[in-house]
Structures are given as structure tokens and as C-alpha cells.
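Scroll down for the structure; my scribbles are underneath it.
2 protein chains.
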Amino acid sequence: MSLILQNIAKHIALTVKEQELFLSKIEIQHFNSKTILAQSGQVCKNSYFVNSGIVRSFNINDNIVEHIMTFACAGWWISDMYSLISQKPGDLFIEVLEDAEIIVLSKENQEILYQEIPKFERFFRILIENSLVANQERLMDNLSLSAEERFEKFQNKYGDLQHKIPQKQIASYIGVTPEFFSKMKNRLLKR
Amino acid sequence: MSLILQNIAKHIALTVKEQELFLSKIEIQHFNSKTILAQSGQVCKNSYFVNSGIVRSFNINDNIVEHIMTFACAGWWISDMYSLISQKPGDLFIEVLEDAEIIVLSKENQEILYQEIPKFERFFRILIENSLVANQERLMDNLSLSAEERFEKFQNKYGDLQHKIPQKQIASYIGVTPEFFSKMKNRLLKR
DNA sequence: AATTCTTCTTAATCTAGGTTAAGTGACAAA
DNA sequence: TTTGTCACTTAACCTAGATTAAGAAGAATT
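Going down the list, the protein sequences come from chains A and B.
The opening position of the first sequence corresponds to residue 943 in the working numbering, with each subsequent residue numbered one higher.
The opening position of the second sequence corresponds to residue 943 in the working numbering, with each subsequent residue numbered one higher.
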């Protein structure tokens, strides 16, 4: 539970009362692997903060091909921002990859937090700024780097996550087919 | 001048006094085409709001290849978010493509606005949320769509901008070489 | 008017990564 | 124990888009 308070304390200072109010607005839940937290075609109602376990978000295009938007491990927030903001049906799935303890913050409670503790505007602004920066970097990487270089960046960003998830999901994240990823990985091992 | 007040009014309501305070914190400047507003390797000190004209941000990788992050036309904000937030040297250039009237908001004044009119936390949070969503969509498009489809999306997003800028910059935005773009365009015309 | 730059084009050739297909091993269900 | 499913591999072949190079036409400098 302290993980999320630490996460908040990095950016804003809450009084004890504010902490209590915040805690009253969230819910801790345990989800098993393969649980779907949000679905393409439906309105996303929550933000999720991962206490433990692994979660991913991805979309599926016409072809049945999955593309991973992001992974979230302990200490990360995850949601379908488009759907959450617009309250229209989104096109992301959010799925638990490894049994997880997750803090659920509903959209309504988030709005209430903004009203009751305006500092949370700042907190979430900073969170989103950081996501935006990370996302812009990833976009540029996809425009200018080779698959090998993108894999290297993935490794730096996610550390040992690579050994906890099926490798076809790493392929999907860096934007290549599982077959090509397998070939590439072997090429790298032989060096 | 009213353009930026409209832009703000879309998300937060300011009193007349607050409007005046805001206006005292910004500066209107006119820049000619080719002016560089921010440079790779330097700390970005401002956010820019385009009143008229066209601006772009891009980076240059080892090879001398440019990759366009975004275009900004009248009514759009543009900056190097990474550098602006972290106040470390960035890797984007921001350049005027067509003579422009631009509102300059310095990082310091932006921080002052947050303090004096906390509603601005909300305003910029919403702006950044929208950028994040747009950026995530573009990332997914780059992972899953062909060059042709990405061009179509560019056209939908930027309308007649395509006739105001050199076509090699469209190529750079969608992530192909100018040669390939030229070929592709002719293929499309022949349909 | 001549020169230089820049943008755009065309075409030949090349390659990173995709597609298809077949096979292996691990493990879960029946 | 068999059947199925899933993750991964290997290999042959294919293609979107890159690279290289050359030339044309307009715009900008001299």
C-alpha cells in the first residue's frame, strides 16, 4: 500500500488527512493472470496502479495482429487514456499477464480528487507529461531505429521483464513478427 | 490574440483578472520562415502557441536523417516536452516553416501561472492528455499501418497543410524516404 | 544571365523484415 | 495415453520500402 503513497510523494506533498481521503477513493484488488481489466469497444472506467504482478495494454487490428502499447510492472500506472478521457469506447485491451495486486481508481473518484485536493491536478499532469515524453521517444525510435536497436531499448527500459513474459510479446512491443524476433535473437546470441 | 483565450476557454473558465494576469505572462512575437526556436543539444525554455503560420518539431539521428515529431498550425501548441520538463538538453529542433505569429510562454512564467491560477494545472493537464492520446494513436499506426494508410491519416489530421509544405517533410512525418513517397504518390494518382 | 540550391522524379538494385509452412517440445485437459 | 494448445524455431521465398545515382525544373543568389 505504501508503494502508491511513495509514488505520489515523489511529485506532491499530501497531509495525513489528504492521504486518508485518497485512500478512501481507491480499491485494492487481486487479479489472476489472463484477467481482462478493459476491453476494446467498451468505455474504460478506471486507472490502474500495479502493486505487484505484470499487466499489459494492447490493441488488435483487422488482421488479428496484436500490438502492445505498454507493459506495467510494480509501481506503474496503466489505463486506456483515450477511452478514459473521452468516455467513448476505446480500442485497447488491458490484461493481467502475471497474478497481480492492483489499485483501482475510478474515473469518478479521480474527478472527485481533482475537486477536493487540487494538488492532484498537478500530480496527474506530471504523470501524463512523463508518459508523453516516453511515448514520443518510442515513436522516434520506431521511425529511426532497427528492430535490434529497439530491442536493446526495450531491455534497458524493462530490465528483467523480458524473462517473465512470452517472447512473442516482446516482438509485438518492438513491432516485429515472432518469427523474425526469433531469428534476430539467435543472430544476437551468436555474437 | 483571442485565439489563445478561446483555446483556454475550451477547458477552464478564467475571470477577467485572471485573463489579464495570463496575458501579462506571455509575449507575442513574429518569426520568419526558417527561424529556429529551439535546438537539439540546448535546454528548451518556452512553450509556443501558433497564432498564424506553420511550425514543426523534428530530430536528426546520426545519419543526418530528419524525423518530424509534429507540425503546428494556427491554434496549436508546440514545444520540446522532454527538455522543457526536465530542463536538460533536448534532442528536438523547433523550426518555423511559414512566417508565423507566435505566443511565447516561458517555463518560469508557466510555473508562476500554476501557482497564481491553479486552474492552469488543469488546463495543461488536459492539453497534455490530448497530446498523449494523439501520440499513442500515431505510435500504433506506425506499428500496424502501411505507408499509404499513414499518409491517409496525415491528410485527415492536417487537412490542406499538405499543400503548404515541401512533400519531403510529409515523407519524414509518415516515416518513409522522399523517393519512396514520390513513387507512392504517383501510384495513388494513377488509381 | 548565370550559378547554385532545393525539391521532386525515375529507375535499378538491395535488404530488413514479412509470410507461409512445417516441425519440436512443454504442459494441460480429457 | 492421447489429444490439443501454446510458445518457439527454422527455412524457403516474398515484398515494402531503402539506397544509390542521375536528371529536371523551379527558386533563390550572385
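Every residue gets a Cβ at the ideal spot worked out from N, C-alpha and C, and that includes glycine.
Could you name the residues of chain B that A/G1117 contacts, counting a contact when the two beta carbons are closer than 7 Å? L1085
Within a Cβ cutoff of 8 Å, which residues of the same chain sit near B/H972, ignoring the five residues on either side of it in sequence? D1041, A1042, E1043 and I1044
Cβ of A/N1098 less than 8 Å from any chain B Cβ? no
Would you mind stating whether B/F1066 and B/I950 have Cβ atoms separated by less than 8 Å? no
Counting along the chain, where does the beta strand (DSSP E) carrying B/N1003 start and finish? N988 to N1003
Could you name the residues of chain B that A/P1060 contacts, counting a contact when the two beta carbons are closer than 9 Å? P1060, K1061, E1063 and R1064
Along chain A, in chain order, which residues have C-beta atoms closer than 8 Å to that of B/L956? One finds nothing in chain A with a Cβ atom closer than 8 Å to the Cβ of B/L956; even the nearest lies about 15 Å away.
Straight-line gap, A/L963 to A/H953 (C-alpha atoms, nearest Å): 18 Å
Please list, in chain order, all residues of the same chain as A/I946 whose beta carbon is under 6 Å from its beta carbon, the five residues on each side excluded. F991 and I1045
Closer than 8 Å to chain B by CB, A/Y990: A/Y990 does not count as touching chain B.
Contact set between A/V1007 and chain B, taken where Cβ atoms lie within less than 7 Å: S1086
Would you say B/A1113 and B/L1034 are within 8 Å of each other, going by their C-beta atoms? no
Under the three-state reduction of DSSP, which class applies to B/I1010: helix, strand or coil? strand
With three or more beta-carbon pairs closer than 8 Å as the criterion, would you say the segment 1069-1087 of chain A touches the segment 982-997 of chain B? no
Can you tell which of A/E960, A/R998 and A/D1022 has the C-alpha that lies nearest to the C-alpha of B/L1074? A/D1022
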